[in-house]
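In my numbering, the protein residues as written are 506 to 586.
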Amino acid sequence: MSPTDKGKNRVEEAIGVGKERIGQAAGDEDLEGRGRADQAKANIKQAGEHVKDVARDAKETIDDAGPGVTARRARAPTAGL
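Printed below as a string of structure tokens:
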């Protein structure tokens with residue numbers, strides 16, 4: 506996840522928190538709901554970016570293991586062997 510994406514997602518989440526709190530204070534259920542929706546949208550984006558980061562890191566780990574090493578060979582032995 507690029508720092509720019511992280512920043513955008515956090516700003517979107519903060520805006521959602523603000524909308525929700527203003528909606529609560531004003532008794533505006535619609536604004537409160539839009540704020541919660543903005544927060545959920547930002548959280549989903551953050552989760553998707555996290556998945557991409559984990560996949561990239563896993564690929565780098567396998568690539569760093571050297572040629573001829575597959576994911577199957579890289580696994581730890583199972584208990585009882």
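Each residue gets a CB set at the ideal place from its N, CA and C atoms; glycine is no exception. Predicted model only: the values in this text are computed from it and were never measured.
Counting along the chain, G538 sits inside the alpha helix (DSSP H) bounded by residues E534 to D569. In the structure shown, P508 falls within a helical segment according to DSSP collapsed to helix, strand and coil.
Counting the other Cβ atoms within 10 Å of the Cβ of A545 gives fewer than 16, which makes it exposed. When the five nearest sequence neighbours on each side are left out, the beta carbons in the same chain lying within less than 6 Å of the beta carbon of D510 are those of E554, in order along the chain. Rounded to the nearest whole angstrom, the C-alpha separation of D543 and G521 is 5 Å. R526 and E537 have their alpha carbons spaced roughly 7 Å apart.
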